Amino acid sequence: MSSALRPISILLVGGCGHWAAAENHLPAILTLKKHGAAVRLAAICDPRDPYDPALLGHMPYLNSVVTEDRPAWIRPQPGEPTEQLECRLQQAHREHHFDVIIVACDPVAHFPYLKWATDQGIHVLCDKPIICVEDAAWNPDRAAEIRRQFDALLRAHRAQPGHLFAVPLRRRANDAFVRAGQLIRDLHDTHQQPLTMGHINVYGGHFRLPEEYALGQAHGYTHGVGALAFSSYHYLDEMTRYLLLAPGQITGLRLTLQYVRRVGDHLASGLNDALGALLRPLSEAELPDVKLDDRTLLAEMDFAFTVELLNARQQSLGVLNYSFTSNSLSNRRVGVLARDAEGSLAFREKGRMSQYVMDLHQGNLQHLRLTKNDAVGEAYRIRLEHRRNPLIGGTGRQKTVYDNAHEASAVTPQDITAAFITMAAGGTPTQDVVDKIAFLDGQLLTHRVFAAMYELIAAHHHDTRPCPSVLIDMPVTGGTTAGKEAS
Ligand SMILES: NC(=O)c1ccc[n+]([C@@H]2O[C@H](COP(=O)([O-])OP(=O)(O)OC[C@H]3O[C@@H](n4cnc5c(N)ncnc54)[C@H](O)[C@@H]3O)[C@@H](O)[C@H]2O)c1
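Letter by letter, the sequence shown follows residues 17 to 503 of the numbering used here.
The following block contains the structure:
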């Protein structure tokens, strides 16, 4: 960033969490500072104390920033009324004149921060999922609130000309996914061939001992929502992005919940016993033996949806499947850690997996397969296989392997955070990075699908229909979509 750019004052919400403090936002801010940018972390809003030595001992980037910038600590209180929180944010804003808010806390807490900041015209960088609502996994009214809040936010954003609202979605920037999108778009541009068939199967493989279900923030179950609010948003975003790149005659989607399994179902099944028995003797500490409440027991762990692709006459043009499972291979080899019992750090899954197989067919002309088979923390490898029909230049199976697929990508999530701050400062980051940033307006379809999935998971808890469905319209450019219950 050049010195001609405006100085930037940042409010970081969830600034003591892993993603903000250890992995992405603070490292990106420190890099900008190193390059001479006038960027200051003015405040951290988090129930955890950013000056707690026990936390700082685990978080060197946070340690550097609090030493350098001495950010104010805004401490949200449990159950604090929104007006009171807004009042405190407003007071801090008067003192620090925030230009940017980065929201990286538990998604069920996002909305008040996003709405307040947007109404003030403060530029927003918000981690996925943009909106989630407590108890959406089992309470249909709460699930319906996800869409309402998103719409309120979109209206507030559109009412602020020049307001930036971005979402760092790493797969949008990842070389393998970028290439997949190019192949899909090119074929659609040349042959008007839409996507017709696909399977996106993601295996999250995260294993918890029963008492660990009482822990956790952004990737936890204690707020009555679960695994759909974790990494699934990335894959839904890719799925909808490809649909928008190759829509053909597709004007609507019929989303059907085929399968859901909740924390309570899982614990009652005894599936925890085998790995649990191996891990218990390895624990460094004990956690209190709490009785899990219903909202935790009803949070979703595994689920599968079909997305039928419909034309304007509601004829089926094809189908995409999306499934996510937590109950798959786990690489976990440690029991309860001392730091979990201590509670200074947000709980993190141990030995979580990052595995997927994605097959995407564009009619009879093109097939793409993306696969990944890693434990989280390993150097990631994504394989992209690609075939086209020989009559349009296909020469058999083309295979590209993206080694160190996340870190070595041409654009990384840290680049996105840095580019966003540069834009907020009045600068122009390279187009190559800007092209990889998801902005709020472009998230309409992804968020519609995400919200509808919660509506179906909640409906399933009450409904006699084993597989509830909902219709979602594809967005008309610049317009809105309308979802309605299918009969
Ligand atoms: N784009 C990506 O690739 C990516 C990767 C990892 C995480 N994320 C996202 O980043 C966010 C944080 O994930 P994480 O792994 O750091 O989680 P985490 O649980 O480690 O951190 C969440 C932080 O938010 C704080 N918090 C909880 N409630 C709050 C509230 N009401 N107000 C303010 N702060 C609050 C917690 O104390 C904690 O410090 C999530 O939305 C997650 O989906 C994105």
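We treat Cβ as the ideally placed atom computed from N, Cα and C, and that holds for glycine.
Computed from a prediction, not measured in an experiment: that's the story for all the values here.
Element boundaries [beta strand (DSSP E), containing residue i]
i, result
"ASP390", "382-391"
"ALA58", "55-61"
"ASP151", "Premise fails: ASP151 is in no beta strand (DSSP E) and is neither H nor E."
"GLN459", "No beta strand (DSSP E) contains GLN459, which DSSP labels as neither H nor E."
"TYR67", "TYR67 -> no beta strand (DSSP E), and no H or E assigned at all."
"ARG355", "No beta strand (DSSP E) contains ARG355, which is instead part of the alpha helix (DSSP H) from 354-358."
"GLY334", "332-341"
"HIS139", "139-142"
"GLY31", "First-last for GLY31: undefined, no H or E at that position."
Chain-order list of residues whose beta-carbon lies under 6 angstroms from that of residue i (same chain, five-residue window excluded)
i, result
"SER339", "ASN217, ALA320"
"LYS452", "ARG188, ALA189, VAL427"
"VAL323", "LEU269, LEU271, LEU336"
"GLN233", "ASP122, ALA362"
"ALA301", "VAL352, ALA354, ALA357"
"ASN79", "LEU72"
Three-state secondary structure (DSSP) of residue i
i, result
"LYS500", "For LYS500, the predicted model reports a pLDDT of 40, less than 50, meaning its position is unreliable; a value from the coordinates is still stated below. LYS500: strand per DSSP, three-state reduction."
"ASP85", "helix"
"TYR77", "helix"
"SER248", "helix"
"GLU471", "helix"
"LYS50", "helix"
"THR256", "helix"
"ASP318", "strand"
"MET439", "helix"
"VAL306", "coil"
"TYR237", "coil"
"THR433", "helix"
"ALA160", "helix"
"ILE408", "helix"
"LEU325", "strand"
"ARG22", "coil"
"GLY495", "Reliability fails at GLY495, whose pLDDT of 39 lies under 50, so the model's placement of it is uncertain and no value is given."
"SER485", "strand"
"LEU169", "helix"
"GLU394", "coil"
"CYS119", "The identity of residue 119 in the sequence shown is Val, whereas the question assumes Cys. The answer is strand: DSSP assigns VAL119 an E or B state."
"ALA362", "coil"
"ALA454", "strand"
"ARG399", "strand"
"MET17", "Residue placement at MET17 cannot be trusted, given a pLDDT of 47 that sits under 50; the coordinates are not used to answer."
Close beta carbons around residue i, own chain, < 7 angstroms, minus the five adjacent residues each side
i, result
"PRO226", "LEU283, ASN288"
"HIS34", "ALA362, ARG364"
"ARG413", "GLU401, ARG403"
"LEU298", "VAL350, GLY351"
"ALA196", "LEU384, LEU386, LEU400"
"TRP154", "GLY240, LEU314, ALA474, HIS477"
Unbroken alpha helix (DSSP H) run spanning residue i, endpoints
i, result
"ASP448", "447-450"
"LEU105", "98-112"
"THR312", "310-313"
"LEU8", "One cannot answer for residue 8 here, as it falls past the ends of the chain, which runs 17 to 503."
"ILE200", "191-207"
"LYS131", "126-136"
"ASP281", "279-284"
Whole-angstrom C-beta distance between residue j and residue i, which should lie under 8 angstroms
i, j, result
"ASN40", "GLN430", "6 angstroms"
"ILE473", "GLU316", "5 angstroms"
"THR238", "THR134", "Incorrect: roughly 27 angstroms between the Cβ atoms, too far for contact."
"GLY264", "LEU376", "Not confirmed; about 14 angstroms, so no contact."
"LEU42", "THR438", "That pair is no contact at about 16 angstroms."
"THR256", "VAL465", "6 angstroms"
Proximity below 8 angstroms, CB of residue i to CB of residue j
i, j, result
"THR212", "GLY334", "yes"
"THR480", "ASP253", "no"
"TYR372", "TYR219", "yes"
"TYR67", "LYS144", "no"
"ALA152", "VAL241", "yes"
"ILE90", "ILE26", "no"
"LEU130", "LEU169", "yes"
"MET75", "ALA125", "no"
"ILE24", "ALA440", "yes"
"LEU386", "MET369", "no"
"PRO484", "LEU273", "yes"
"PHE455", "LEU141", "no"
"LEU381", "GLN209", "yes"
"GLY367", "ASN347", "yes"
"ASP101", "ILE60", "Here the sequence assigns Leu to residue 101, which means Asp is not the residue at that position. In this structure, ILE60 does not lie closer than 8 angstroms to LEU101 by Cβ."
"PHE114", "ALA58", "yes"
Chain-order list of residues whose beta-carbon lies under 8 angstroms from that of residue i (same chain, five-residue window excluded)
i, result
"THR267", "LEU326, ASN327, ALA328, ASP489, MET490"
"GLY495", "The pLDDT assigned to GLY495 is 39, lower than 50, so where the model puts this residue is not dependable; a value taken from the coordinates is nonetheless given after this. Hits under 8 angstroms: none found."
"SER308", "Looking at the sequence shown, residue 308 is not Ser but Leu. If we look at LEU308 and ignore the five residues flanking it on each side, its Cβ neighbours are PRO226, TYR229, ALA230, VAL279, GLY280, LEU283."
"ALA293", "none"
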